[in-house]
Amino acid sequence: MSCRRTAARLACAMAILVGPWLTQPTHAQTLTMRAALSRALAASPRLTAAERDVGIATGQRIQAGALLNPELSYEQDNSLGSGIYRGTRSAETTLQISQAFELFGKRDARIAAGAAGIEVAAIQRKAVRLEVLSETAIAFLSVLGAQRRIQILDEQITAIDRLTPLLRRRVEAGASSPAETGRAEVASALVKADRERFKATLASARRELAVLMGDPAAKFGEVSGRLDTMGKPPTFQSVVAAIDANPQLVRWTAVYAQRNAELLMARLRPYPDVRIAAGWRHFNETNDDAVRLSVSVPIPVFDRNQGNILSAQESLAKTRAEREANRNTLIVIAGRAYDSLQGSLRELAVLRETAIPKATEAAEAISQGYGQGRFSLLEVLDAQASVSQARLREQEALQNFHAGVAIIEGLVGNPFTLAREGAR
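Quick note on my numbering: the sequence shown kicks off at 375 and runs consecutively.
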């Protein structure tokens, strides 16, 4: 019994010690771009809907190839009347089976339209997949950029707080006014207010990324990645040329084939089909049997399907205009993204070549001079703010650059060869 009690106590102790570790949420793990993209593809309801569209089109294609069902009919003539036709003594009963035969390639046209529908849905699924990847990459970059901007503000707050002991000594020595202490506190508070604003931005960006990955709230820790590796983009003409391979545009080729098949179906519909029937007839009065054969063909006099033919012709002609409008929209989106990344490159060049190094150099010199009494607190705070603002601008430009790359990648359907894989 004592052994059992000891074992039970050990089990309880282990449960107390290990339990909190086992119940710790797993969302503290760092999230990488690759993991975010994989999770978004697995959880995207839009991609699931696009896959169902492929299934719907497949079902329609199967149905398009189905043959017409035969018809079984029963007829009874010369019965339930008066005189010699009272009751069923003089009745004639007929049991008949009939089958309609489609002519002039109507079934083949339906099958072609159904096959084109499958291709349209499959290509549209590829387009949706690219959209999901692009949106997830941009959301990931937003989280990464917000994280980095908060770090910069934290560093600025730490730098301001480091001045407090020196400022107090200067006030005690009579070298500075006590009002400068309040000025430093105000500067620190303003930066903290900016940090809170960026934290709200980060929370929204994290939620957006989480929703794209199928979670209502963020269940991950920080995101990891690098934005500082840059590259030279190709010409805009090459980007425009690559857009033609975008699934959104490739899809129109399949749409054109589908609508062309629908036009053929509309043109073939007035052509009559043949219905052949064969039956067995029994004459009750003489107890004789006979075979009944019939062939029927509709006469297309009144309805020649002219309205549907015109509608199909207009739909086919509309396809070219729709594709061109779609292409123009993609070019405009690509142009905005391309101009944004080009502007970001120029902005980064100015910031990295001049603004950041000069601001950092000036801030270090002014900070050293402040300890020697050669500069005022206002000059120190202004120099530190200049460095932080330049670094914040750098992070914003980096995020805009890579967001532009992600947009163009989603449009051209291929990786945008700018930087190494590890950089993004």
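For glycine and all other residues, C-beta sits at the position ideal for the given N, C-alpha and C.
For clarity, every value in this text was computed on a predicted model and none was experimentally measured.
Three or more beta-carbon pairs drawn from the stretch 509-527 and the stretch 583-590 are found closer than 8 Å, and the two stretches are therefore classed as touching.
DSSP, reduced to helix, strand and coil, places residue 467 within a strand of the structure shown. 573 is the residue among 438, 539, 676 and 573 whose C-alpha sits nearest the C-alpha of residue 520. With a 10 Å radius around the Cβ and a threshold of 16 neighbouring Cβ atoms, residue 684 comes out exposed.
Assigned with DSSP and collapsed to three states, residue 667 falls in strand.
In the DSSP assignment, residue 449 falls within the unbroken beta strand (DSSP E) covering 445-451. For residue 448, the number of other beta carbons within 10 angstroms of its own is below 16, and it is reported as exposed. Looking at the DSSP output, residue 597 bridges to 405. The three-state secondary structure of residue 675, taken from DSSP, is coil.
Where residue 652 is concerned, the enclosing beta strand (DSSP E) starts and stops at 648-657. For residue 589, there is no enclosing alpha helix (DSSP H), since its DSSP letter is neither H nor E. In the structure shown, the three-state DSSP call for residue 424 is helix.
According to the DSSP assignment, residue 639 belongs to the alpha helix (DSSP H) that extends over 621-642. A residue is called buried when at least 16 other Cβ atoms come within 10 angstroms of its Cβ; residue 676 does not meet this threshold and is exposed. In the structure shown, residue 412 adopts helical secondary structure according to DSSP, grouped into three states.
Distance from the CA atom of residue 617 to the CA atom of residue 609, rounded to whole angstroms, is 13 Å.
Rounded to whole angstroms, the separation of the alpha carbons of residue 738 and residue 748 is 13 Å.
Under the DSSP assignment, residue 778 falls in the alpha helix (DSSP H) whose first and last residues are 751-786. With respect to the C-alpha of residue 536, the residue from 689, 561 and 553 having the closest C-alpha is 561. Residue 692: member of the alpha helix (DSSP H) spanning 680-724, first to last residue. DSSP places residue 617 inside the alpha helix (DSSP H), whose first and last residues are 610-617. A residue is called buried when at least 16 other Cβ atoms come within 10 angstroms of its Cβ; residue 488 meets this threshold and is buried. Counting the other Cβ atoms within 10 Å of the Cβ of residue 768 gives 16 or more, which makes it buried. Ranking 467, 438, 775 and 474 by CA distance to the CA of residue 717 puts 775 first. With a threshold of 16 other beta carbon atoms within 10 Å, residue 457 falls short and is exposed. By the criterion of at least three beta-carbon pairs nearer than 8 Å, the stretch 589-606 is not in contact with the stretch 755-763. Taken through DSSP and simplified to helix, strand or coil, residue 602 comes out as coil. The beta carbon of residue 405 sits closer than 6 Å to those of 594 and 597, all from its chain and outside the five residues before and after it, given in chain order. Assignment of residue 578 by DSSP, reduced to helix, strand and coil, places it in the helix class. In the assembly as shown, residue 522 is a buried residue. Its beta-carbon has 16 or more other beta-carbons within 10 Å. In the displayed model, residue 475 falls within a strand according to three-state DSSP. In the DSSP assignment, residue 662 forms a beta bridge with 657. Ranked by how close their Cα comes to the Cα of residue 579, the residues 592, 567, 568 and 570 have 592 in first place. In the three-state scheme derived from DSSP, where H, G and I count as helix and E and B as strand, residue 442 is classed as coil. In this structure, the straight-line span from the alpha carbon of residue 459 to that of residue 466 is close to 10 Å. When DSSP states are grouped into helix, strand and coil, residue 562 belongs to the helix group.
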